[in-house]
Amino acid sequence: MKKNVFKALGLSFLIASSVLAPTAFAADKKASEAEKIEVTPISDTVTKQELAAIYVLSEICPSLIGKDLKFNKAYDNLVKAYLNNDAKAVETLNKQVKTKDFQEALKEARSDAKAASDEDNRQICDDVRNYYSK
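Numbering (mature numbering (1 follows the signal peptide of the UniProt record, and there is no 0)), first residue to last: -26 to -1, 1 to 108.
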């Protein structure tokens, strides 16, 4: 289970990229307005473990890839996607990780990140930076 949270996070990036990628043949404007489908994760279905894994990225990525404005923007977009596009999503997550009931998930996510190699963690940081900064 050591790498499971990060594997799940990596898998969710892959799934999100295939769902959110621009399509070759877009529908006309009227058709797209008629049917709006939510494709981002909804906060009711997001687990503490997922949010903790995302938060841990903010702790480990700066030391692995350096201070990077593109990563910061991407991290903000990632957190917003998981917190239902909350305008203050990062602030909300930062408050949430300080609560007592979040500590176990945070401890597990930190342990998983520590168990993964720097190369694996750096790859996840790069994936976030390259996908969510768009």
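We treat Cβ as the ideally placed atom computed from N, Cα and C, and that holds for glycine.
The structure presented is a predicted model; accordingly, all values stated were derived computationally and were not measured.
For my contact list, residue i and residue j are in at a C-beta cut-off of 8 angstroms; report their separation, rounded to the angstrom.
i: valine 71; j: tyrosine 106; result: That pair is no contact at about 19 angstroms.
i: valine 20; j: leucine 52; result: With a Cβ gap of about 12 angstroms, valine 20 and leucine 52 do not count as contacting.
i: isoleucine 39; j: alanine 87; result: The pair is not a contact, with the Cβ atoms about 14 angstroms apart (cut-off 8 angstroms).
Could you tell me the distance, in whole angstroms, from the CA atom of residue i to the CA atom of residue j?
i: lysine 69; j: alanine 61; result: 14 angstroms
i: alanine 55; j: glutamate 65; result: 14 angstroms
i: arginine 84; j: tyrosine 49; result: 17 angstroms
i: alanine 79; j: leucine 67; result: 13 angstroms
i: lysine 74; j: aspartate 100; result: 31 angstroms
i: leucine 43; j: arginine 96; result: 16 angstroms
i: phenylalanine 45; j: glutamine 77; result: 25 angstroms
i: aspartate 94; j: lysine 47; result: 21 angstroms
i: proline 36; j: alanine 63; result: 19 angstroms
i: serine 91; j: isoleucine 98; result: 11 angstroms
i: lysine 41; j: asparagine 104; result: 15 angstroms
Buried or exposed, going by whether 16 or more other CB atoms sit within 10 Å of the CB of residue i?
i: serine 32; result: buried
i: alanine 89; result: exposed
Reducing DSSP to helix, strand and coil, say where residue i ends up.
i: threonine 73; result: coil
i: leucine 43; result: helix
i: serine 91; result: coil
i: leucine 57; result: coil
i: threonine 21; result: coil
i: glutamate 7; result: With a pLDDT of 45 at glutamate 7, under the threshold of 50, the modelled position of that residue is not reliable, and no figure is offered here.
i: lysine 81; result: helix
Could you work out which residue in the options is closest to residue i when comparing CA atoms only?
i: glutamine 23; options: Lys81, Asn95, Gly40 and Ile39; result: Lys81
i: asparagine 58; options: Asn95, Gln77, Asp86 and Leu25; result: Leu25
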